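Residue numbers (this note's numbering): 22 to 573. Ideal Cβ positions, reconstructed from N, Cα and C, are used throughout, including at glycine. The model shown is predicted, which means the values in this text are computed figures rather than measured ones. Remarks on the structure that follows.
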């Protein structure tokens with residue numbers, strides 16, 4: 022009998038998150054646990070019953086493909102669509118978390134993230150000779166030794182953790198280890214490590230310090246494609262369909278997560294699957310040839326996908342990491358026509374021509390760092406900074422132009438509907454690049470205009486624009502509320518009909534509800550003033566209307 026176990030953190034979370042010391046007590050059993058994880062699964066693969074589990078994607082995603090040949094302990098991740106559509110509406114705590122978390126780390130409502138600890142050892146008592154189990158990170162080795170009682174104890178420990186809050190650095194006890202971690206916040210500076218020692222001198226044992234809940238070893242993950250990191254960044258920016266064919270789920274999931282993180286702090290708006298199998302419920306959807314390939318980054322290990330997904334425009338084939346001349350052996354850029362169904366060699370198979378020139382200076386610095394045996398963390402920081410500056414250089418002109426579409430604050434009248442945000446006109450933006458383009462902050466040469474034109478057709482432009490316009494609309498509404506609270510309400514009420522006064526009460530209440538639900542960026546004093554205005558206005562109305570507006 023082969024056995025395995027898997028764990029599924031809640032959507033929108035990477036690895037372990039960080040709690041807040043001031044969180045409220047849970048109102049339902051396992052409420053604190055649910056703030057961190059959706060569930061912990063122990064998946065057992067039985068040779069006789071294996072096919073009976075065919076409809077359960079989690080079971081298949083918890084085991085490396087038979088082509089991977091993984092023996093011993095392996096860790097990887099996957100991402101699956103939630104059955105039956107989206108989850109229940111977000112709670113106030115969820116909205117508060119998302120309002121403070123970076124866009125790339127916000128909670129998701131349509132997907133689950135799974136983090137897998139897979140163990141396979143020889144076992145002569147079963148036909149195929151393997152005993153397999155899968156479980157999440159730290160608790161897995163304990164589970165393999167102590168089984169179910171240990172798992173229950175760990176879940177109870179996690180249920181004592183307060184809910185995660187962006188910006189917090191706290192200590193989390195689990196299986197005799199204290200994890201000291203930081204949850205990133207929107208106010209964190211890029212490339213900063215805001216981890217502070219939180220009473221470490223009073224902690225026994227010494228904490229296991231993690232600088233962040235989501236950081237990957239970017240340099241190690243992208244080692245075989247460093248010479249093409251510019252091209253891959255463009256493909257991610259444009260939301261292009263990409264297949265990553267890797268030798269194992271570990272390499273597959275790390276490569277996909279590294280690629281999708283290249284756009285940080287931008288939210289990755291396309292679908293991505295760090296590890297995907299032929300048993301997944303969306304296999305037919307992703308492999309059909311009756312329509313264009315979806316905007317998905319797909320990590321696979323089964324060579325069968327080379328044939329099935331030959332019509333996809335970009336396929337990245339990577340092998341086991343190898344060194345060549347002091348630098349990890351690099352995959353070559355190859356034409357899609359050279360793609361073979363069997364024995365496909367490592368390479369980036371694409372007809373895409375990058376708009377920007379390769380940054381040779383970056384490659385030289387990375388190579389020099391390797392030769393001098395610099396710490397991997399420094400090389401990852403160098404690569405992350407390069408990608409961050411590239412993303413920022415691309416988006417700063419977009420942000421400046423978008424800000425120019427916002428109505429001026431002096432045009433806001435407290436007693437009139439605020440003016441509309443002006444529409445985004447692509448031609449006007451492109452004309453602005455000559456004076457305020459990415460060349461002001463980036464030394465890379467190339468066809469920036471062509472890249473922007475193609476970006477306008479991508480899911481990431483749509484996602485970015487919708488998010489920014491939503492934030493601007495909330496800001497506009499907040500400014501309007503502030504203008505109302507700064508105005509003289511008694512003067513306005515003079516000569517107004519009861520209908521107009523009641524209408525003002527209703528509008529103020531709507532704004533107040535949104536503001537209190539953390540949807541509007543307003544100060545506490547403004548909320549108090551708005552509440553006072555509502556009470557003042559209601560107090561001026563006849564008793565019968567007061568009873569209607571303020572029922573007992």
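Tell me where the alpha helix (DSSP H) around residue i begins and ends.
i: residue 507; result: 480-507
i: residue 471; result: 469-476
i: residue 522; result: 519-537
i: residue 412; result: 397-425
i: residue 390; result: 381-392
i: residue 277; result: 270-281
i: residue 182; result: Neither: residue 182 is in no alpha helix (DSSP H) and is coded neither H nor E.
i: residue 513; result: 510-514
i: residue 166; result: 160-167
i: residue 49; result: Neither: residue 49 is in no alpha helix (DSSP H) and is coded neither H nor E.
i: residue 21; result: Nothing can be reported for residue 21, as the shown portion of the chain is limited to 22 through 573.
For residue i, tell me which candidate among the options has the shortest Cα-Cα distance.
i: residue 549; options: 319, 511, 569, 507; result: 507
i: residue 465; options: 377, 265, 338, 162; result: 377
i: residue 379; options: 553, 252, 552, 139; result: 252
i: residue 325; options: 560, 204, 308; result: 308
i: residue 449; options: 435, 421, 441, 187; result: 421
i: residue 101; options: 564, 300, 552, 561; result: 300
i: residue 368; options: 248, 473, 456; result: 248
i: residue 19; options: 50, 565, 499; result: Residue 19 lies beyond the residue range present for the chain, which begins at 22 and ends at 573; the question has no answer from this structure.
i: residue 198; options: 178, 185, 358; result: 178
i: residue 356; options: 446, 559, 370, 79; result: 370
i: residue 65; options: 54, 49, 140, 535; result: 140
i: residue 502; options: 544, 516, 486, 473; result: 544
i: residue 291; options: 298, 277, 302; result: 277
i: residue 558; options: 538, 534, 528, 451; result: 528
i: residue 428; options: 537, 443, 415, 435; result: 443
i: residue 170; options: 541, 196, 183; result: 196
i: residue 255; options: 94, 242, 280; result: 280
i: residue 512; options: 435, 460, 184; result: 435
i: residue 340; options: 562, 244, 404, 433; result: 244
i: residue 487; options: 423, 174, 541; result: 423
i: residue 402; options: 520, 58, 383; result: 383
Go ahead and pull the three-state DSSP assignment for residue i.
i: residue 296; result: coil
i: residue 207; result: coil
i: residue 119; result: helix
i: residue 562; result: coil
i: residue 249; result: helix
i: residue 127; result: coil
i: residue 84; result: coil
i: residue 306; result: helix
i: residue 192; result: strand
i: residue 353; result: strand
i: residue 434; result: coil
i: residue 442; result: coil
i: residue 548; result: helix
i: residue 291; result: coil
i: residue 55; result: helix
i: residue 175; result: helix
i: residue 62; result: strand
i: residue 218; result: Caution is warranted here: a pLDDT of 43 is assigned to residue 218, below 50, making its placement in the model unreliable, and no coordinate value can be reported.
i: residue 459; result: helix
i: residue 338; result: strand
i: residue 244; result: helix
i: residue 377; result: strand
i: residue 569; result: helix
i: residue 95; result: strand
Can you tell me the Cβ-Cβ gap for residue i and residue j, rounded? I've got them flagged as a contact below 8 angstroms.
i: residue 530; j: residue 510; result: So it is not a contact: roughly 14 angstroms between Cβ atoms.
i: residue 454; j: residue 418; result: 6 angstroms
i: residue 320; j: residue 265; result: 5 angstroms
i: residue 192; j: residue 181; result: Contact flag wrong, Cβ pair sits at about 12 angstroms.
i: residue 122; j: residue 187; result: 4 angstroms
In the DSSP assignment, find the beta strand (DSSP E) that holds residue i and state where it starts and stops.
i: residue 371; result: 368-371
i: residue 265; result: 263-266
i: residue 197; result: No beta strand (DSSP E) contains residue 197, which DSSP labels as neither H nor E.
i: residue 317; result: 317-321
Under a CB-based cut-off of 8 angstroms, is residue i close to chain B?
i: residue 467; result: Here chain B cannot be found, since the structure has a single protein chain.
>> Under 8 angstroms, with one C-beta from each stretch per pair, do the segment 310-329 and the segment 255-265 reach the 3-pair mark?
In response: The segment 310-329 is in contact with the segment 255-265.
> Would the segment 397-417 and the segment 268-288 be scored as touching if the rule is three or more Cβ pairs under 8 angstroms?
Replying inline: yes
> Would you say the segment 475-485 touches the segment 512-530, given that touching needs at least three Cβ pairs under 8 angstroms?
Replying inline: no
>> Count Cβ pairs between the segment 387-395 and the segment 365-376 that sit closer than 8 angstroms; are there 3 or more?
In response: Fewer than three pairs of CB atoms, one per stretch, sit closer than 8 angstroms, so the segment 387-395 makes no contact with the segment 365-376.
>> I want to know whether the segment 324-336 touches the segment 123-131 - three or more CB-CB distances under 8 angstroms.
In response: Segments in contact, no.
> Taking contact to mean at least 3 C-beta pairs separated by less than 8 angstroms, is the segment 484-494 in contact with the segment 266-277?
Replying inline: no
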